[in-house]
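Residue numbers (the numbering used here), protein chains in the order written: chain A, 945 to 1272; chain Y, 945 to 1272; chain P, 945 to 1272; chain G, 945 to 1272. By construction, the Cβ of each residue, glycine as well, lies at the ideal position given by its N, Cα and C atoms. Here is the structure we will look at, set down as structure tokens.
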């Protein structure tokens, strides 16, 4: 199976929607324990994949919970009004996962490495975020209305700090006692078309080994002691996935040749295919990423949309038309 | 007294050496409880100011401990060999304050705001620092010889995170249990000649209200539970200090006029002088900083020297001529 | 006279409005050959200083032409709607100086050093600007309506390139033949209150020695062969100006002392005052700048306003409410 | 043929060495008009490919001239002494192509987009370069000994400036009259192993369409009027090349299956293969790049080596052990 093949390259599919599509494509029927809901919006389609039992957890390779995916190719265009609408959808969907009192405190965590462009989405969102926790003790009552205390941290990655990211976050949570953590991360997709066009919101937090930064310890309710919502956007596709997919499409193409019999090349084991891919990707293997040339710009736009959506969800007093005013 | 006058503008003198010079200048004699030692080195002079009792603490406005000041105008020139020698002096003096076993763990903290140039020294040092803690559990024995586990964090400032810097650091210390913290910060000097030429190492950590970032809670053994060494370099002079000093020099100048009597203008109270300064600095008051135009470059050079000096002090196996190789 | 005193420190007043205020303050009457017009707008006051003859040129130390100053303290607040209104005023005033056919080509020049924060305004505006020249030969007619070909360059400074900025610009003008150059630069003000609150638009271009970057050759119609409009915003005050002003205010203060006679200290020559200032500013002299701590953020906001105002002026089809959408 | 197939995706092979290897691999014999020389050095192997006639120009898809390739995997390790040796080899080889009098002036051009990480090599080299042209008219004789006037420019890319890069460079050349141009650019390789390990020096300048930035006009002696040496380092591989190579290796793998006959799948036309690749790369096609995650760091290291090598070649008075001192 494809999901397993990817794993032999150390690759997890970060998007539950892609995992669901692959499993469903291979089995040809609904996946037991997985509920899928679709909505259509202007500029975006929204799919919620809910994993409801342990069997589904195993099939999908993802912990039980809700994974909301916003697919909005318009993000990649430099069309601000449409991007604002996507931010508003993000705000609405994020709000649907929050079960917070009006004054509950939220800690934003920007995961990833600011010195590695495709991994810099999380820290960039923190740059653009509206932080209010420190103002709260002094602010007059009318300013507090419709606001809540929000703090934000970009903890860096293991190679920069020498410290597991989860340890830093846990330490800060214990000192500041937020009621909820929202963690923003760069993701790897299977399909290049998803780069900077798809946003996933998951109420499961972040599992060990997911995300482009590959944190080893999960950042979720179990490890952190408070609920963790993860927001991610694909910024890369692993080169190994591109290579694997190319071989698959090529095999489809071969099927159109009348003089070849399907069984000749169709039942090839992963062990047969893998060396071809490994040879091409030498000496980097799992560390080679495919990105569009304009990834720096795409990350800037995407970070702004996410920061705006979060601010709208957390501070209901901010109106859609004003959200630009609350960005840095 | 001048120290008190500065305080009316919310300004603390970060350099113990400057505080000592002012107090000594005003009283005209040695300060009880303050011991001063001077050494001369190629490219640098080194002064150690030790504050040994509470009376001296009060006079100087600084907690008891040792403040080592390296004055090296050569830092401001783009002369790498000389800068390496300054890094070596820093390493030697820093080592003299460390009382660590060979394997004791150290946490580097880069204080300040990376988005405000004169306040970015601390985060820049972290960028250039050699982090080893995460390698330690896997490294072969021969690599560990002469090395120790070092981690590093640039926690940001209150306005960016919404969290008191001291809270973040305390949380990380409790999770990672270092034996020592070294905190690097931008300082404010009294004299523009000290900008990017003077390095202060203090075994007292950082007191509330010092540094350009003005953290409210101290970062010291008392608040952190482990020894804290502070390394700072002046990157600015408060505009209010410049204004005050200008008036003082002007008054000296006036004394040369034979038709004026000293008492006419010499016994002016701070309350008389302050409005002149406040008016000039409107509407910024204490937030106006004086820096040389080339401050961005100066901070880059200084950060490299400090990161190099720290690496040499913490990892004795690194030789002077190689320290460039250990910088990022 | 104050203007001359500043010049002994190598300092020119970049704002015609400040020069006019000083000259008028010293003489106590209107300046012959200088016409001043004031308008009041929401969030801004607009003053046009026109220098109409050579005598006025000499008095003011500025070439004949129109200097429009927009004073808008609101720029320094993070209030986007108000900032958009300032951008609209800038657009309107800039348009009043343009005498361009609908298809005339414009070259934007961002002067200054991107590695020196207070000097980085020009390059930042280029970052945020809407460039269209390369699209023009392919664009369909309906897209071209209300647009014109705009190109943009941040040529760097002499210390980075080894080339006089004016030479680079002249070379590019000769190759690309724009009908107009708009040059954006950081300015030095006399008054700290003007930092990031005042915008000057001048149809004289840039004279030798003005701006914080101190280009030696002017960038104006004479040297470039096409009309040059200069847009500048103060980002610093020279420390020498602060020092000088402090002495002046202090002397005013001294006048309140009944036992001192005015003549005692009032007729002091610049030669008498200067040493006091020089001593305080050692070893930097003219290169010491006073800036607010938050200058990085202020420059980002200001650059966005200027880029937005220029885009609105050059492409009349862009509406006020959409200008955010045209920024990078 | 492979070179032609790549071109159908708009991809040129930037490295003459790779083009030579492919052509030679396909024909199985020496290429007429192409002379290849190999040398072995500590940490590096050096290959010179000389294209000496028009037939070879056509086969290779590259203009006649000398292409020196330094292959040094050590660049990718953080080993400074070895990197210095590579810089010294670069200096030596570059010097062998220079036919300059001691005082001839050189203009360095850093091609590419500083806002797109894998395309930022050129501008980064300019950042690290030693610029002397502006010092020259004032420098004392002893400082000039062994130095020459060097200027430097990073002109940006068409999407940022709206101006063809070649136009900007031509304009600056006409104003400043250098005797030689050295243009630094990011390249695309065929093989990921070459990313940040291979340096190409070519005395042909840059042809239209080469480099990752795809300038349309060449930057060479013909267009610029002065000799142009190009220095390039691969920072990416086109995703289409990875996909194509994967299919080729997969077909090799298929050959090991005894039940398949070679002719069954070996004589597949490019038209047959291309749709599989295009489908995988939708919607980006030629704009998808493969890079290692650590590309930001790799570009920083590579830029330092190139800037150091250029400085040593241009200023023979700089010794190997000092070259770190001449970097910014």
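*Of the residues that make up the region 1176 to 1205 of chain Y, which ones have a beta carbon closer than 7 Å to any beta carbon in chain P?*
1183, 1186, 1187, 1189, 1190, 1191, 1193, 1194, 1197, 1198, 1203 and 1204
*Nearest chain Y C-beta to residue 1132 of chain P closer than 7 Å, yes or no?*
Stepping through the third chain from its first residue, residue 1132 of chain P is reached at position 188. Cβ-Cβ to chain Y under 7 Å: no for residue 1132 of chain P.
*Contact list for the region 1230 to 1244 of chain Y against chain P, Cβ threshold 8 Å*: 1231, 1232, 1233, 1234, 1235, 1236, 1237, 1238, 1239, 1240 and 1241
_For residue 1024 of chain P and residue 987 of chain P, what's the separation of their Cα atoms in angstroms?_
Reading the third chain from its first residue, position 80 is the one you call residue 1024 of chain P. Reading the third chain from its first residue, position 43 is the one you call residue 987 of chain P. The straight-line gap from Cα to Cα measures roughly 12 Å.
*Per DSSP, which residues does residue 982 of chain G bridge with? Please list them.*
Mapped onto the fourth chain, residue 982 of chain G falls at position 38. Answer is G/991.
_So residue 1078 of chain G contacts chain P; which residues on that side make the cut at Cβ distance below 9 Å?_
For the purposes of this step, residue 1078 of chain G is taken as the residue at position 134 of the fourth chain. Residues of chain P passing the Cβ test: 1102, 1103, 1105, 1106, 1107 and 1108.
*State the DSSP-derived secondary structure class of residue 1130 of chain A, mapped to helix, strand or coil.*
For this step, residue 1130 of chain A is matched to residue 186 along the first chain. Residue 1130 of chain A falls in the strand class under three-state DSSP.
_residue 1240 of chain G and residue 971 of chain G - do their beta-carbons sit closer together than 7 Å?_
Looking up residue 971 of chain G in the fourth chain gives position 27. Looking up residue 1240 of chain G in the fourth chain gives position 296. For residue 971 of chain G and residue 1240 of chain G, no; Cβs fall outside 7 Å.
*asked:* Determine, for residue 1112 of chain A, whether the minimum Cβ-Cβ distance to residues of chain Y falls below 7 Å.
replied: Walking along the first chain from the start, residue 1112 of chain A turns up at place 168. Yes, because at least one Cβ of chain Y sits closer than 7 Å to the Cβ of residue 1112 of chain A.
*Would you identify the three-state DSSP class for residue 1025 of chain G, choosing helix, strand or coil?*
As a working mapping, residue 1025 of chain G is identified with position 81 in the fourth chain. Note: residue 1025 of chain G maps to helix in three-state DSSP.
*Residues in the region 1042 to 1061 of chain A with C-beta within 7 Å of chain G's C-beta atoms, listed in sequence order?*
Taking 7 Å as the Cβ-Cβ cut-off against chain G, the residues of the region 1042 to 1061 of chain A that qualify are 1059, 1060 and 1061.
_I need the boundaries of the beta strand (DSSP E) containing residue 1259 of chain Y, first residue and last residue._
Counted from its first residue, the second chain places residue 1259 of chain Y at position 315. Careful: residue 1259 of chain Y lies outside any beta strand (DSSP E) and carries neither H nor E.
*asked:* Give me the residue from Y/1165, Y/1131 and Y/1068 with the minimum Cα distance to residue 1180 of chain Y.
replied: As a working mapping, residue 1180 of chain Y is identified with position 236 in the second chain. Measuring from the Cα of residue 1180 of chain Y, the nearest candidate turns out to be Y/1131.
_I want to see whether chain Y comes within less than 7 Å of residue 1115 of chain A, judged by CB atoms only; does it?_
Position 171 of the first chain, counting from 1, holds the residue named residue 1115 of chain A. So, interface residue.
*Interface partners of residue 1096 of chain G on chain D, CB under 8 Å*: In the structure shown, chain D cannot be found, because the protein chains are A, Y, P and G.
*Separation of residue 1051 of chain P from residue 1234 of chain A, as counted between CA atoms*: Locating residue 1234 of chain A in the first chain gives position 290, where the first residue counts as 1. Locating residue 1051 of chain P in the third chain gives position 107, where the first residue counts as 1. Between residue 1234 of chain A and residue 1051 of chain P, the C-alpha separation is close to 36 Å.
*asked:* Cutting at 6 Å between CB atoms, please list the residues of its own chain near residue 980 of chain P, excluding the five before and the five after it.
replied: Taking the first residue of the third chain as 1, we reach residue 980 of chain P at position 36. 993.
*asked:* Here's the rule I'm using: 16 or more other beta-carbon atoms within 10 Å means buried, otherwise exposed. How should residue 1202 of chain Y be labelled?
replied: In the second chain, the residue the question calls residue 1202 of chain Y occupies position 258. Flag for residue 1202 of chain Y reads exposed.
*Can the beta-carbon of residue 1172 of chain P be found closer than 7 Å to that of residue 1125 of chain P?*
Translated into positions along the third chain, residue 1172 of chain P becomes position 228. Translated into positions along the third chain, residue 1125 of chain P becomes position 181. Contact flag set, yes.
*asked:* Is there a C-beta anywhere in chain Y that falls below 7 Å from the one on residue 1272 of chain A?
replied: One-based indexing of the first chain puts residue 1272 of chain A at position 328. Per-residue confidence for residue 1272 of chain A stands at a pLDDT of 45, beneath the threshold of 50, marking its modelled position as unreliable; no derived number is given.
_So the candidates are A/1198, A/1176, A/1109 and A/1079; which of them puts its Cα closest to the Cα of residue 1141 of chain A?_
By one-based count along the first chain, residue 1141 of chain A stands at place 197. For residue 1141 of chain A, the closest alpha carbon among the candidates A/1198, A/1176, A/1109 and A/1079 is that of A/1176.
_Runs of beta strand (DSSP E) wholly within the region 1056 to 1107 of chain Y (minimum 3 residues, chain order)_ = 1094 to 1097
*Any idea what DSSP makes of residue 1235 of chain Y, helix, strand or coil?*
As a working note, residue 1235 of chain Y is residue 291 in the second chain. Residue 1235 of chain Y falls in the strand class under three-state DSSP.
_Cβ neighbours of residue 963 of chain G in the same chain (closer than 7 Å, five flanking residues each side left out)_ = Along the fourth chain, one-based indexing puts residue 963 of chain G at 19. Cβ within range, chain order: 947, 957, 1004, 1005 and 1006.
*If you count every other CB in all the chains shown that lies within 10 Å of the CB of residue 952 of chain A, and 16 or more means buried, which is it?*
Along the first chain, one-based indexing puts residue 952 of chain A at 8. Exposed: under 16 other Cβ atoms inside 10 Å.
*In terms of DSSP beta bridges, what is residue 1176 of chain P paired with?*
Looking up residue 1176 of chain P in the third chain gives position 232. Paired residue(s): P/1129 and P/1144.
*Buried or exposed for residue 1121 of chain G, please, with buried defined as at least 16 other CB atoms from any protein chain shown within 10 angstroms of its CB.*
Mapped onto the fourth chain, residue 1121 of chain G falls at position 177. That one is exposed.
*asked:* Taking 6 Å as the limit between beta carbons, can you name the residues of its chain near residue 949 of chain Y, skipping five residues before and five after?
replied: Translated into the one-based positions of the second chain, residue 949 of chain Y becomes position 5. Excluding sequence neighbours, residue 949 of chain Y sits near 1214.
*asked:* For residue 1221 of chain A, tell me which candidate among A/1174, A/1194, A/1184 and A/1231 has the shortest Cα-Cα distance.
replied: Here residue 1221 of chain A is taken as the residue at index 277 of the first chain, counted from 1. Minimum Cα distance to residue 1221 of chain A is reached at A/1184.
*Backbone CA spacing between residue 1258 of chain Y and residue 1072 of chain P [nearest angstrom]*: Indexing the second chain from 1 puts residue 1258 of chain Y at position 314. Indexing the third chain from 1 puts residue 1072 of chain P at position 128. One Cα belongs to residue 1258 of chain Y, the other to residue 1072 of chain P, and the distance between them is close to 44 Å.
*asked:* I'd like to know if the region 1040 to 1060 of chain A and the region 1108 to 1121 of chain A are in contact, where contact means that at least 3 CB-CB pairs between them fall below 8 Å.
replied: yes
_When you compare the CB of residue 978 of chain G with every CB in chain P, is at least one pair closer than 7 Å?_
One-based indexing of the fourth chain puts residue 978 of chain G at position 34. Output row for residue 978 of chain G: interface = no.
*Who are the Cβ neighbours of residue 1117 of chain A in its own chain at under 8 Å, not counting the five residues just before and after it?*
Taking the first chain and counting its residues from 1, the one referred to as residue 1117 of chain A is at position 173. Closer than 8 Å at the Cβ level, and outside the excluded window around residue 1117 of chain A, lie 1051, 1125, 1168, 1169 and 1170.
_Contact list for residue 1227 of chain P against chain Y, beta-carbon separation under 7 Å_ = Reading the third chain from its first residue, position 283 is the one you call residue 1227 of chain P. In chain order: 1137.
_Top-ranked residue by Cα proximity to residue 1017 of chain G, from G/1252, G/1256, G/1253 and G/1245_ = Counted from its first residue, the fourth chain places residue 1017 of chain G at position 73. Ranking the options by Cα distance to residue 1017 of chain G, first place goes to G/1245.
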